[in-house]
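Below is one structure, written out as structure tokens; the observations come after it.
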Amino acid sequence: MDYLAVVLLEILYMIAFLALISAGLAVVFGMMRVINLAHGEFVMLGGYATIASSKAGINIYVAMLLIAPIVVGAVGLLVERLIVRFLYGRMIDTMLATWGLSLLLIGLVTLIFGNTAVSVPAPIPGYQIGRYQMGGYNLFIVAVAILLYVGMWVVLRYTRAGLIARGAMLGADTVSALGHNPRIIYMLTFTFGAALSGLAGGVLAPLTGLLPSVGGAYIAKAFITVITGGAGIVAGTLSTAGLFGTVNQLVSFASTPVVGEIAMLLLAIVLLRLMPQGVTGRFFRNST
Amino acid sequence: MTGSGFGVGRIRWNWFVAFALVLLLLPLLSEVNTPTLLAIWALFALSLGLMWGYAGILSFGHAAYFGLGAYTYAIASFNIGESTAPLLLAILIPMIFAAIIGAMMFYGRVSDVYVGVITLVVTLILNRFMNATAGDAYRIGNARLGGFNGIPAFPILNVPGDPNEQIYGTPYYYVVIACLLGSYLLARVILSSAFGRALIGIRENELRMELLGYNVQGLKTAIFAICGGLAGLSGALFANWAEIVTPSVFSLGQSAEVIIWVIVGGVGTLVGPMIGAVLLDTLKIVLGMQTSIDNSLILGAILILVVLLIPRGFAPAFVAWRRRLAQLQAYRRHARGTTRRRLHVKEAEQ
Amino acid sequence: MSEVVIETRDLSVHFGGVSAVDNVNFSLRERELRCLIGPNGAGKSTFFKSMTGQLRGAESSGRVLIRGEEVTSWPTYRIMRLGVGVKTQVPSVMNGLTIEENLWLSAIRTDAAAADAVVEEIVTEMALQPIARRQVSELAHGQRQLVEIGMVLANRPSLVLLDEPAAGVTGNEMERLVSIIRKINRNAAMIVVDHDMHFVRMLEAQITVFNQGSILVEGTADHVLNDQRVREVYLGTRAR
Numbered sequence: 001m002d003y004l005a006v007v008l009l010e011i012l013y014m015i016a017f018l019a020l021i022s023a024g025l026a027v028v029f030g031m032m033r034v035i036n037l038a039h040g041e042f043v044m045l046g047g048y049a050t051i052a053s054s055k056a057g058i059n060i061y062v063a064m065l066l067i068a069p070i071v072v073g074a075v076g077l078l079v080e081r082l083i084v085r086f087l088y089g090r091m092i093d094t095m096l097a098t099w100g101l102s103l104l105l106i107g108l109v110t111l112i113f114g115n116t117a118v119s120v121p122a123p124i125p126g127y128q129i130g131r132y133q134m135g136g137y138n139l140f141i142v143a144v145a146i147l148l149y150v151g152m153w154v155v156l157r158y159t160r161a162g163l164i165a166r167g168a169m170l171g172a173d174t175v176s177a178l179g180h181n182p183r184i185i186y187m188l189t190f191t192f193g194a195a196l197s198g199l200a201g202g203v204l205a206p207l208t209g210l211l212p213s214v215g216g217a218y219i220a221k222a223f224i225t226v227i228t229g230g231a232g233i234v235a236g237t238l239s240t241a242g243l244f245g246t247v248n249q250l251v252s253f254a255s256t257p258v259v260g261e262i263a264m265l266l267l268a269i270v271l272l273r274l275m276p277q278g279v280t281g282r283f284f285r286n287s288t
Numbered sequence: 289m290t291g292s293g294f295g296v297g298r299i300r301w302n303w304f305v306a307f308a309l310v311l312l313l314l315p316l317l318s319e320v321n322t323p324t325l326l327a328i329w330a331l332f333a334l335s336l337g338l339m340w341g342y343a344g345i346l347s348f349g350h351a352a353y354f355g356l357g358a359y360t361y362a363i364a365s366f367n368i369g370e371s372t373a374p375l376l377l378a379i380l381i382p383m384i385f386a387a388i389i390g391a392m393m394f395y396g397r398v399s400d401v402y403v404g405v406i407t408l409v410v411t412l413i414l415n416r417f418m419n420a421t422a423g424d425a426y427r428i429g430n431a432r433l434g435g436f437n438g439i440p441a442f443p444i445l446n447v448p449g450d451p452n453e454q455i456y457g458t459p460y461y462y463v464v465i466a467c468l469l470g471s472y473l474l475a476r477v478i479l480s481s482a483f484g485r486a487l488i489g490i491r492e493n494e495l496r497m498e499l500l501g502y503n504v505q506g507l508k509t510a511i512f513a514i515c516g517g518l519a520g521l522s523g524a525l526f527a528n529w530a531e532i533v534t535p536s537v538f539s540l541g542q543s544a545e546v547i548i549w550v551i552v553g554g555v556g557t558l559v560g561p562m563i564g565a566v567l568l569d570t571l572k573i574v575l576g577m578q579t580s581i582d583n584s585l586i587l588g589a590i591l592i593l594v595v596l597l598i599p600r601g602f603a604p605a606f607v608a609w610r611r612r613l614a615q616l617q618a619y620r621r622h623a624r625g626t627t628r629r630r631l632h633v634k635e636a637e638q
Numbered sequence: 639m640s641e642v643v644i645e646t647r648d649l650s651v652h653f654g655g656v657s658a659v660d661n662v663n664f665s666l667r668e669r670e671l672r673c674l675i676g677p678n679g680a681g682k683s684t685f686f687k688s689m690t691g692q693l694r695g696a697e698s699s700g701r702v703l704i705r706g707e708e709v710t711s712w713p714t715y716r717i718m719r720l721g722v723g724v725k726t727q728v729p730s731v732m733n734g735l736t737i738e739e740n741l742w743l744s745a746i747r748t749d750a751a752a753a754d755a756v757v758e759e760i761v762t763e764m765a766l767q768p769i770a771r772r773q774v775s776e777l778a779h780g781q782r783q784l785v786e787i788g789m790v791l792a793n794r795p796s797l798v799l800l801d802e803p804a805a806g807v808t809g810n811e812m813e814r815l816v817s818i819i820r821k822i823n824r825n826a827a828m829i830v831v832d833h834d835m836h837f838v839r840m841l842e843a844q845i846t847v848f849n850q851g852s853i854l855v856e857g858t859a860d861h862v863l864n865d866q867r868v869r870e871v872y873l874g875t876r877a878r
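Right, dumping it as structure tokens:
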């Protein structure tokens, strides 16, 4: 019974983790069809921003929930103005340029922070379920993920900004028809997506030692979660995060974490092959 | 029609021979260790450039086949003891793997972007898998896979038939050069053939090629497999050069680097990718000798700049520039000629 | 001689819940020229695509047969190899290649040895000599249409499907188009889908009128255009 609870909690955590690291990429991909391969580095920057400000004395929650998104949002704005906005509509070129950006950011961070891992302790202590020691901080992550997605869904569904955002998903013409400049909307979207990535990075910072290269681990999983999810930002990402998180953890429990990860990647390929439009392209067609 | 045209151009034999001679005489002037590595990268770049520039297939995970070639060689040479069969396997296995992945993607009519995504994920899977194979349990025959430490000290290339006559140093350099030049010629042959022309047609307009009755999916799978085999060859040659294979051969970094070489050197030419590989890797080696500027930073900046400013890379831009220069010179000559004629007429009139 | 080249039996195509093609029984004989007309959304394009194996993600039932051979589930390229040529609504040609290279790609597939000769023949037939070496991307729309038709012909097809060949074509070019079509028709059965009634009349062929996924009426131009139902469908009233 305890074991079941542990398994369920681990699955829940994995789903939340995937959903969190995918949120920024999902917004940018869902609304602008831009594949930002530097997304993992945005998450990494969020982590560094959090750790740096925490070490400078700022409260850890402020650092991760406020500073990280703001800093990375600013970086995203810069990137959009200098690079991405010249490449709209050119998907492959965007992928290439953002891949270059990811290398650039890794180089930059290595230059500033060096190549040794930095870390910050988790602010929430662990707890016990039966014989098992659980990380308390994981629950916080789940909570943040839930709040974030509920927030996104509410904004998309019930606010004017959300309406414009959903219009943007249909194309620049719809945005113009709604009376807004598509260029500005895209700029804001990319910035917001970057901020979300920074938030994820900030929240995840206390979990492991941070290196300039951790982006690589995030991008892969976020990537497949978002692409297989399809255009629906909330529904798509949550469904695939749910699917992958469950498969990953179940297989991990059955054998090893590596096999779990590989199982998840294989599942991604199968899904991509069977549903090129993503899960929300096939099912949940008109969802957000 | 099969000689030139289709944007391929005739092979300039005098350049080719001259260049081959330079390569052959190089050992007299310098050490061969670095040139060997550069030639291996050039071959790897060629394998991607052929597919990308002429068939329009961009793989974001071409390192998968490079790595498979390297690992296949290492594992096979441990188990077989003589190097000829392992080298052939190192070409064949990546080729088969590429054929399977390619067939799955192309017969599934996956779009360009998703080809990028799927090829990326395949490389990731191989990377993760190989990284986790530490411990005695993971072995293929005599070869322990070694996890992130990789497989060291496998038997390197030997003269076919004589396992004790190992090939390294300058003779090995010649082997690599032979493979490089041979692959280049193979690529040329492909591009001049109906198969190659069909690939170019597919790059231009897939739908139209289908409507003309071409088995587009089969052709794309075929070139994907061939380029996978060439990448595997370069991987096996790398394994022999490095004398160790580690999971970094499957890294995203490796896939990124080869894309950068091809795009900087020029998508749409055969020579461009090779030049790009040599130049950029030389730059990386030079940068690696100092610590103030990080290598990733430079490569990343270069990739961004190239995509923004010269999307098809330097070689086609250079070709276009040369063409424009030639037109300008021809115009100037024509203008001079008319002025002279006018002066003559004026003189005659006076 | 009057063998059936292509026919559909009870062909139906659904997208989601919408019936785009509804139980269509169509047949075309050797060297017959047929025009397919109908208002927007009548199902002409879908019907067209279902005959060439280009429908994906649609549920279809019924059969398509080319010279008695069932091609309903065949991939496009296989159907084309039966001697079918298709010209699409938006000209699909190789923009980065020259006219000659475009034609060559078509000719080489059916007869490798004679490819160069066939290319020259087509260039002459279509009066493309002055621009044969130009890159297709530099050509005007009308010229590109001609290149596409040339590519279709280079394959020596015995069944030719043209989707809106008269789009953007006016005056002299239209007369040239009609004569090209008549020339093609000497050797091949043809289906021409178009909206331009002037053009359709010029072709003087049998007409099949589509509406809401099924065939409304078939016959000569006069017969069809005077039919009450066709007038309702096009003009929306019981007008004269």
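Protein chains in written order, with this note's numbering: chain L, 1 to 288; chain F, 289 to 638; chain Y, 639 to 878. Glycine included, every Cβ here is placed at the ideal spot set by N, Cα and C.
Check, Outcome
"With the cut-off set at 8 Å, would you say R672 (chain Y) and Q844 (chain Y) are in Cβ contact?", "yes"
"Could you give the uninterrupted runs of the beta strand (DSSP E) lying entirely in the stretch 78 to 135 of chain L, keeping only those of 3 residues or more?", "127 to 129 and 132 to 134"
"Apply the 10 Å Cβ neighbour rule to F436 (chain F) and answer buried if 16 or more other Cβ atoms are within range, or exposed otherwise.", "exposed"
"Helix, strand or coil for L500 (chain F) per DSSP?", "coil"
"So, does the CB of F417 (chain F) fall closer than 8 Å to a CB anywhere in chain L?", "yes"
"Where DSSP assigns a beta bridge to L431 (chain F), which residues make up the other side?", "Residue 431 (chain F) is actually Ala in this sequence, not Leu. A431 (chain F) pairs with F:I428."
"Nearest-angstrom Cα distance between M264 (chain L) and V120 (chain L)?", "29 Å"
"For I227 (chain L) and V403 (chain F), which I take to be in contact (beta-carbon distance under 8 Å), what is that distance rounded to the nearest angstrom?", "At roughly 12 Å, the Cβ-Cβ gap does not stay under 8 Å, so I227 (chain L) and V403 (chain F) are not in contact."
"Along the chain, where does the beta strand (DSSP E) that runs through M764 (chain Y) open and close?", "Segment: none, M764 (chain Y) is in no beta strand (DSSP E) and carries neither H nor E."
"Residues of chain F with CB closer than 8 Å to the CB of A750 (chain Y), please, in chain order.", "A482"
"Could you tell me if T256 (chain L) is buried or exposed, where buried requires 16 or more neighbouring beta carbons within 10 angstroms of its beta carbon?", "exposed"
"Apart from the five residues on each side of it in sequence, which residues of its chain come closer than 6 Å, Cβ to Cβ, to A378 (chain F)?", "G357, T360, Y361, G520 and A524"
"Is there at least one Cβ from chain F nearer than 8 Å to I269 (chain L)'s Cβ?", "yes"
"Measuring straight from C-alpha to C-alpha, what distance separates G89 (chain L) and I444 (chain F)?", "48 Å"
"Where does Q844 (chain Y) sit, in a helix, a strand or coil, going by DSSP?", "strand"
"Nearest CA to the CA of W549 (chain F): which residue from F:V566, F:F538 and F:T534?", "F:V566"
"So, at 7 Å on beta carbons, what are the nonlocal neighbours of T710 (chain Y) in its own chain, with the 5 sequence-adjacent residues on each side left out?", "R701 and V702"
"Leaving out five residues on either side along the sequence, give the residues of the same chain with a beta carbon under 8 Å from the beta carbon of I67 (chain L).", "A49, T50, S53, I58 and G202"
"Within the continuous beta strand (DSSP E) that includes V659 (chain Y), where are the two ends?", "V656 to R667"
"Taking V6 (chain L) as the reference, which of L:G130, L:V251 and L:R157 has the closest Cα?", "L:G130"
"Once you ignore the five residues that flank V761 (chain Y) on each side, which residues in its own chain have a CB closer than 8 Å to its CB?", "I737, E738, L741, Q767, A770 and G788"
"Report the residue from L:M1, L:G232 and L:Y13 whose alpha carbon sits nearest the alpha carbon of A165 (chain L).", "L:G232"
"Going by Cα to Cα distance, which pick from F:N493, F:A306, F:F512 and F:G484 is closest to I746 (chain Y)?", "F:G484"
"Who are the neighbours of V398 (chain F) on chain L, taking C-beta pairs under 9 Å?", "L272, R273 and P276"
"When you compare the CB of S102 (chain L) with every CB in chain F, is at least one pair closer than 8 Å?", "yes"
"Check whether the stretch 371 to 388 of chain F and the stretch 496 to 507 of chain F are in contact - that is, three or more C-beta pairs closer than 8 Å.", "no"
"Could you check if A658 (chain Y) is buried or exposed, using at least 16 other CB atoms within 10 Å of its CB as the buried criterion?", "buried"
"Would you grab the beta carbon distance between G229 (chain L) and S239 (chain L) for me? Rounded to a whole angstrom, and I think it's under 8 Å.", "6 Å"
"If we ignore side chains and look at the alpha-carbon of each, how far apart do D832 (chain Y) and R839 (chain Y) end up?", "11 Å"
"DSSP puts D801 (chain Y) in a beta bridge; with which residues?", "Y:V831"
"Using a Cβ-Cβ cutoff of less than 6 Å, which residues in the same chain neighbour R476 (chain F) once the five nearest sequence positions on both sides are dropped?", "I299"
"D648 (chain Y) by DSSP, collapsed to three states: which one?", "strand"
"From this set, F:I428, F:L587 and F:L325, which residue's C-alpha is nearest G457 (chain F)'s C-alpha?", "F:L325"
"Under 8 Å between beta-carbons, which chain F residues line up against S730 (chain Y)? List them in chain order, please.", "N493, L495, R496 and L499"
"Assuming V702 (chain Y) is part of the beta strand (DSSP E), what are its boundary residues?", "E697 to I704"
"Residues of chain F with a CB under 8 Å from the CB of M91 (chain L): which are they?", "D400 and V401"
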